[in-house]
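Undergrad:
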Amino acid sequence: MNEENRSRLIRSTALYIFVAVILGVLSFATPYTVGDFGVFLPYMPESLGNVSISVILLPILGGVTLFFIGTLLSILFEGRLNQVLVFGFYSGGFMAIIALFMILQPISSPSNYAGYLVFGGFSAFFLYNLLKAISDIRGQPFIRIVSGAALTFILGQIMVQLVNLYMTQPGVPIPDDVLLIRDMINWGFIAASVITLIGIFRDSRNPYLAQIGAIASNTSFILATSLIGTLYFNFLSGRMTQVSPVIQQLSPYVEWTGVVILGALIFTIMRRGMSESIMRPTEIGPWAKHIQDRSTTKGKSLEDFTDIISQFVEKGKKDMLLVKLFMFLNENRASEQEMAIVLREVINYEDQKAPSLAKRGTAEKIEEENKERRVKLLARTVEKINSLGLGGLVNDNPPQEQVQAINVEA
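Position in the sequence shown (from 1) plus 1095 gives the number in my numbering.
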């Protein structure tokens, strides 16, 4: 651990212990109530005046604890998964302050239950972000799609429960407008979760099916569309008119708006599908265009070989190096077998990837090892070129000396 991270760790730990001790003492070792601190607090119901101050301080302590855990992870570890965990603990700190207060406050039973719902919803969202990161790391998009569909369904059920908590009363018939709102939310989220599963086809070879899958994998768009769809369904079925007759006056505007939106969606899918299926075969592709832009007809060399080597050694960019080597071998009339001998190792070279969750400093160490591997690869490539008797490149742009110089600097 370097000096900066060690200093951050010491400061963060000391600050957390200091704050935790103060909040713990005020919560458990003093008789203070919420009313005693009323001057320093925003508006609170009078019924909370005689409640122990711990109902406010304990949620703050829980939030501070999650902030501290997130800080520890950011100091001690690194990687994609670690970023997701750190973000989750930081955002969870704010959630804990709200949810724990709702759970601990004694004046409203519905709010107690709502606190658990908020906590459950955030936990589902945190798990989704974690699975999404794993999906990206493994290159398995179906994990993200399935977890996104599950998250959509869970959030919908949580919202339905919140409607039941705050818009209905036990023993009292549920008003029609509340039933309409609850059903729209319920069926809208269920439809969105089912449609989202179609996103598994986004990598299909069929261009039209791939476009439909790409649209379906956009969870926020599908959710909004599904909720609007349930709105239209209830409007066309007459249920909204029964709840509020004045809505009938908006009938032509609502209907034509839906027709235009549906037509635009169909047109977008068809246009993208046609672009993929008809226009793609005429494209030369990025690799061919890369070579054309650097052909000998535009000059002996468009890029200085020293810069190309530096880009490869420092950043691992091998495309320009491959183009330069290919052009050189082609100009010197090397056979396909000779080109394969020289270029095979460069083409197959891949940097070692940093782990998604590792101790702090691991990525920097791996990058240094990758630089050493690149330098050795360049040296071996130059030796292969020299063994073929193709010394023009070495004479014009001596890569062996460049490699040795870069090696000395590293």
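Backbone N, C-alpha and C define an ideal beta-carbon position, used for all residues, glycine too.
(1) Near V1338, which residues of its chain fall below 8 Å by C-beta distance, leaving aside the five closest residues on each side in sequence?
(2) For a test of the three-state rule: what should DSSP assign to A1429, helix, strand or coil?
(3) What first and last residue would you give for the alpha helix (DSSP H) that runs through D1131?
(4) Take the Cβ of E1141 as the centre, count every other Cβ of all protein chains shown within 10 Å, and call the residue buried at 16 or more, exposed below.
(5) Return the chain-ordered list of same chain residues with a C-beta closer than 7 Å to the C-beta of I1155, the five sequence neighbours on each side being excluded.
(6) Please list, in chain order, all residues of the same chain as Y1127 whose beta carbon is under 7 Å from its beta carbon, the five residues on each side excluded.
(7) Output needed for G1283: all residues of its chain with C-beta closer than 6 Å, excluding positions within five of it in sequence on either side, in chain order.
(8) For I1436, which of I1232, L1420, L1318 has the nearest alpha-carbon?
(9) Measure the alpha-carbon distance for Y1208 versus I1295 and round it to whole angstroms.
(10) What span of residues does the alpha helix (DSSP H) with D1402 cover, start to end?
(11) Rounded to a whole number of angstroms, what is the C-alpha to C-alpha distance between V1489 and E1463?
(12) With 16 other CB atoms within 10 Å as the buried threshold, where does L1473 fall?
(13) In the DSSP output, what is A1453 paired with across the bridge?
(14) Have a look at I1232 and F1163 and give me their C-alpha separation to the nearest angstrom.
(15) Could you give the distance in angstroms between the alpha-carbon of L1260 and the alpha-carbon of F1123?
(16) Measure the beta-carbon distance from L1246 to A1228 and round it to whole angstroms, keeping in mind my assumption that it falls under 8 Å.
(17) Check each candidate in L1304, F1214, M1197, V1213 and name the one with the smallest Cα separation from S1206.
(18) Are the beta-carbon atoms of G1174 and A1453 separated by less than 7 Å?
TA: According to the structure data:
(1) D1271, D1272, L1275
(2) coil
(3) Unbroken run through D1131: none, as it is neither H nor E.
(4) So E1141 counts as exposed.
(5) Within its own chain, the residues whose Cβ lies closer than 7 Å to the Cβ of I1155, once the five positions on either side in sequence are excluded, are L1118, I1192, listed in chain order.
(6) L1121, I1148
(7) S1321, L1322, T1325
(8) Nearest of I1232, L1420, L1318 to I1436, Cα basis: L1420.
(9) 36 Å
(10) 1400-1410
(11) Residue confidence is low: V1489 scores 44 on pLDDT, short of 50, so the model does not pin down where it sits. No coordinate-derived value is stated.
(12) With a 10 Å radius around the Cβ and a threshold of 16 neighbouring Cβ atoms, L1473 comes out buried.
(13) Note: A1453 sits in a beta bridge opposite E1173.
(14) 27 Å
(15) 32 Å
(16) Not really, about 14 Å apart at Cβ, beyond 8 Å.
(17) Of the listed residues, the one whose Cα sits closest to S1206 is M1197.
(18) yes
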